[in-house]
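Respectively, the protein sequence lines represent chains Y and S.
Residue 27 in my numbering sits at position 27 of the first sequence, and the numbers go up by one each step.
Residue 1370 in my numbering sits at position 370 of the second sequence, and the numbers go up by one each step.
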Amino acid sequence: MAVKQASLRILVVDPTLCDGAGVCAELLPEHIRLDDWGFPIVHAPEVTRETRADAERTCRACPKLALHLRRRDR
Amino acid sequence: MTPAATPVPSPTAPGVREPGPVGLPRLLVGLDDGATDLAAHTRRFGPVSTSRVNALGAEVERAGLSGRGGASFPTATKLASVARSGGGVVIINATEGEPAACKDHLLTTRAPHLVLDGAVLAAAIVGSAEVYVCVGREDREALRVLGQAIAERPAHEPSVVLLAAPHRYVSGEATALTRWVGGGDAKPVWGVRPDERGVRRRSTLVQNAETVAHLALVARFGADWFRSIGTGREPGSALVTVAGDVERPGVSEVAFGTPLARILDQAGLVGQPQALLFGGYGGSWVGAADAAALCYSNKDLRRVGASVGAGLVAVLGADRCGLAETARLARWMADENAGQCGPCQFGLPAVADALDRVAWGGSSRADLARLHRWLVEIDGRGGCAHPDLTVRMIASALRTFAVDVERHLTTGPCEHVRRHPLLPVPDLRGEPWR
Chain Y
1 MAVKQASLRI LVVDPTLCDG AGVCAELLPE HIRLDDWGFP IVHAPEVTRE
51 TRADAERTCR ACPKLALHLR RRDR
Chain S
1001 MTPAATPVPS PTAPGVREPG PVGLPRLLVG LDDGATDLAA HTRRFGPVST
1051 SRVNALGAEV ERAGLSGRGG ASFPTATKLA SVARSGGGVV IINATEGEPA
1101 ACKDHLLTTR APHLVLDGAV LAAAIVGSAE VYVCVGREDR EALRVLGQAI
1151 AERPAHEPSV VLLAAPHRYV SGEATALTRW VGGGDAKPVW GVRPDERGVR
1201 RRSTLVQNAE TVAHLALVAR FGADWFRSIG TGREPGSALV TVAGDVERPG
1251 VSEVAFGTPL ARILDQAGLV GQPQALLFGG YGGSWVGAAD AAALCYSNKD
1301 LRRVGASVGA GLVAVLGADR CGLAETARLA RWMADENAGQ CGPCQFGLPA
1351 VADALDRVAW GGSSRADLAR LHRWLVEIDG RGGCAHPDLT VRMIASALRT
1401 FAVDVERHLT TGPCEHVRRH PLLPVPDLRG EPWR
C-alpha cells in the first residue's frame, strides 16, 4: 500500500513557461483540455497506472518543457 | 494624541519590559508632532534592545503576529523558516501596490524608525546581515524620509539598503520583489517560495513594513502586551485604509475585532452605503447588509467570503454602479498582468471586456454565462495569485450586484454608470519592470 501511495503522480503546468502550443491536450485528452485561448486546463490531474507512460511521453513532447509529473504530496 | 499614551523611557534592568502604550494607537502613537528623527522616535517608543534576540522569535510566535501585507501568514513561521537556512536575506516590503491604500506611505513617512527597528530585528532573528527596504519609486516622500532615517541609525546595526522598486501592481508580490532585488524583472516566480530560494538563491524573508513595525513593538513590550487588544485568534492592531464614499478617507489603526460600523463611522460614513470592497483590488465585494454586523477580523470577514488582505475597506455609496466600478478595477487588474502566463495575459482582458459589456451594455445571457465559466477556469492557473484574486473579486461583484446585473441585462445600463470613478485606477502600463 505504501509503495502504491508513493507512486501517485499529478500533472502540473508551469504557466510561466507554457506558451499554449497545445501538444499536451492533443496527446493526453483524458487529463488535459484547452481553454478559449489555447492554454491547458488540467481537468484530471491524477495520473493512473494506465495513463502513466502516456503522461511521461507528453511531458517530454511539450516544446517548452512546461508540463511536469509531480508526486502528489508536493 | 495624548502624551499619557506614550511610554516614558527609563533605564530598565535586563529582562524587565517597559510598559507599552495603553489602548490605541500603537504604531501611530505620538506622531502628531511630525518629527521623524531618531531622537523623537526613542522618546516616543523607548529604546529597543537586540540583546534578547534569541528569545524574540519565540516572543513573536507567542504574540501571534501575522503578516499585514495581504496573506495574514503567521510571521513566526516565516522567521523560523529563514532562520533555519542561515545567512539569509531580509526584504521589507513597503511598495504599497494597492492604489487605494496608503498605510505603507503613512508608516514609512511618519514612523520610519519603527519600520527600520523592525527590519533590523527581523534580520537579527533570522541571522541576516543583508537588509533591503523596498519603496515604490513613485513615493518620493517615503524614499526621502527613510533615506534620512537610515543615515541616523547606529553604526553597530547591519546597514539597511533603501531600494526604489518598480511601480507595477504585481511587483509587490513576494516572489516578484525578491526576483527584482536579485537583479531581475519585478515579475512573480512560479513554484518556489522566497524562503526556499530567494535573492541570489539564498533563503529570503519578505515582510510587509507594517508587520515588522508591530515586531518592533513586540520586542519592546512583549507578547502579553501585544495580545492585550484584538481577538484571541487575531491579536493586536492593524492599519486600515478606508477609501471611497466617506467624508474622511484615510488610515486608522484599529484592534482586530472592532465593529466595522465603528470604523466606518469614524471615517465619516454618509448615509447607508451599498457595498464594501475588502482587502484590495484583488479582494471581495460584500453587500452593506451582509457587512453591517461584522467585526473587523479575518474570522468575521471569511463568513462573507472576504478577508482583511492589505487593509483596504472601500465604501461604495448607494448612488453608484458597482458593476461599472468593478469593470474599471477588472480592466486595471488585466492591464497589470505581468505577461508571463496565458490564462492571465489573455484571460483577464477577455474577462474585463465581458464585464464592460455587462456594465455599459452589449452583454447577453450567453455572454454572461461564458464570463462565469471563464472566472472558474482562470482561477488557480497563473504563476502567482494575481489571476485568482482578480476573478474572485469579479465573482464577488457579480454576486453582490446580482440585482444590477439582471437590470443591466434587461433594461440597459443604470443611471449611475457615467459617474466619476470612485476608486483610483492609475495607468501604469508604461512603467518598467526593472
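The beta-carbon is built from N, C-alpha and C at its ideal position, and this holds for glycine as well.
The structure presented is a predicted model; accordingly, all values stated were derived computationally and were not measured.
Other residues of its chain near residue i: CB distance less than 8 Å, five sequence neighbours each side excluded
| i | result |
| --- | --- |
| residue 1437 of chain S | What the structure shows of chain S is the stretch from 1001 to 1434, and residue 1437 of chain S is not part of that stretch, so it cannot be assessed. |
| residue 17 of chain Y | 64, 65 and 66 |
| residue 1253 of chain S | 1024, 1025, 1026, 1027, 1028, 1237, 1238, 1239 and 1240 |
| residue 1368 of chain S | 1354, 1358, 1405 and 1409 |
| residue 1424 of chain S | 1099 and 1100 |
| residue 33 of chain Y | 25, 40, 41 and 43 |
| residue 1200 of chain S | 1089 and 1182 |
Bridge-paired residues (DSSP) for residue i
| i | result |
| --- | --- |
| residue 1208 of chain S | S:1093 |
| residue 32 of chain Y | Y:42 |
| residue 1416 of chain S | Answer by DSSP bridge pairing: none, since residue 1416 of chain S is not bridged. |
| residue 1285 of chain S | S:1277 |
| residue 10 of chain Y | Y:46 and Y:70 |
| residue 1235 of chain S | S:1230 |
Proximal residues to residue i (C-beta, below 6 Å), its chain only, five neighbours per side dropped
| i | result |
| --- | --- |
| residue 1325 of chain S | 1422 |
| residue 1306 of chain S | 1278, 1284 and 1286 |
| residue 1341 of chain S | 1382 and 1383 |
| residue 1082 of chain S | 1088, 1126, 1195, 1203 and 1205 |
| residue 71 of chain Y | none |
Beta-carbon contacts of residue i that lie in its chain and below 7 Å, excluding the five residues immediately before and after
| i | result |
| --- | --- |
| residue 1085 of chain S | 1203 |
| residue 1208 of chain S | 1067, 1068, 1069 and 1093 |
| residue 1146 of chain S | 1108, 1112, 1133, 1135 and 1162 |
| residue 1310 of chain S | 1069, 1070, 1098, 1101, 1279 and 1280 |
| residue 1165 of chain S | 1095, 1134, 1135, 1136, 1137, 1171, 1177, 1180 and 1186 |
| residue 1248 of chain S | 1267 and 1268 |
| residue 1380 of chain S | 1388 |
| residue 1345 of chain S | 1337 and 1339 |
| residue 1103 of chain S | 1210, 1239, 1241, 1251 and 1311 |
| residue 1298 of chain S | 1072, 1234, 1307 and 1308 |
| residue 1080 of chain S | 1057 |
Which of helix, strand or coil DSSP assigns to residue i
| i | result |
| --- | --- |
| residue 1222 of chain S | helix |
| residue 1229 of chain S | coil |
| residue 1253 of chain S | strand |
| residue 1203 of chain S | coil |
| residue 1295 of chain S | strand |
| residue 16 of chain Y | coil |
| residue 1028 of chain S | coil |
| residue 1001 of chain S | Model confidence at residue 1001 of chain S stands at a pLDDT of 36, short of 50, so the residue's coordinates are unreliable and nothing is read from them. |
| residue 1039 of chain S | helix |
| residue 1178 of chain S | helix |
| residue 1258 of chain S | strand |
| residue 1270 of chain S | coil |
| residue 1189 of chain S | coil |
| residue 1405 of chain S | helix |
| residue 1315 of chain S | strand |
| residue 1022 of chain S | coil |
| residue 58 of chain Y | helix |
| residue 1170 of chain S | helix |
| residue 1307 of chain S | coil |
| residue 23 of chain Y | helix |
| residue 1163 of chain S | strand |
| residue 1410 of chain S | helix |
Cα-Cα separation, residue i to residue j
| i | j | result |
| --- | --- | --- |
| residue 1173 of chain S | residue 1188 of chain S | 7 Å |
| residue 1360 of chain S | residue 1398 of chain S | 15 Å |
| residue 1416 of chain S | residue 1149 of chain S | 47 Å |
| residue 35 of chain Y | residue 68 of chain Y | 19 Å |
| residue 59 of chain Y | residue 1382 of chain S | 19 Å |
| residue 1281 of chain S | residue 1238 of chain S | 19 Å |
| residue 1414 of chain S | residue 1321 of chain S | 7 Å |
| residue 1292 of chain S | residue 1396 of chain S | 17 Å |
| residue 20 of chain Y | residue 42 of chain Y | 13 Å |
| residue 1256 of chain S | residue 1024 of chain S | 12 Å |
| residue 1120 of chain S | residue 1271 of chain S | 45 Å |
| residue 1317 of chain S | residue 1275 of chain S | 7 Å |
| residue 1216 of chain S | residue 1039 of chain S | 16 Å |
| residue 1265 of chain S | residue 1055 of chain S | 40 Å |
| residue 1412 of chain S | residue 1365 of chain S | 13 Å |
| residue 1184 of chain S | residue 1128 of chain S | 21 Å |
| residue 1042 of chain S | residue 1144 of chain S | 20 Å |
| residue 1053 of chain S | residue 1110 of chain S | 26 Å |
| residue 3 of chain Y | residue 54 of chain Y | Low local confidence applies: a pLDDT of 49 at residue 3 of chain Y is under 50, so the model's placement there is unreliable, with the coordinate-based value given in what follows. If I take the Cα positions, the gap works out to 21 Å. |
7 Å Cβ cutoff, residue i in contact with chain C
| i | result |
| --- | --- |
| residue 1382 of chain S | The displayed structure is made up of protein chains Y and S, and chain C is not among them. |
(request) Please list the segments of the beta strand (DSSP E) lying wholly inside the region 1321-1390 of chain S, counting only runs of 3 or more residues, in order along the chain. (result) none
(message) Threshold first: 3 residues or longer. Then list the beta strand (DSSP E) segments lying entirely within the region 1106-1160 of chain S, N to C.
(response) 1130-1136
(request) Could you tell me which uninterrupted beta strand (DSSP E) segments, each at least 3 residues in length, are contained entirely in the region 1046-1106 of chain S, listed from first to last along the chain? (result) 1089-1094
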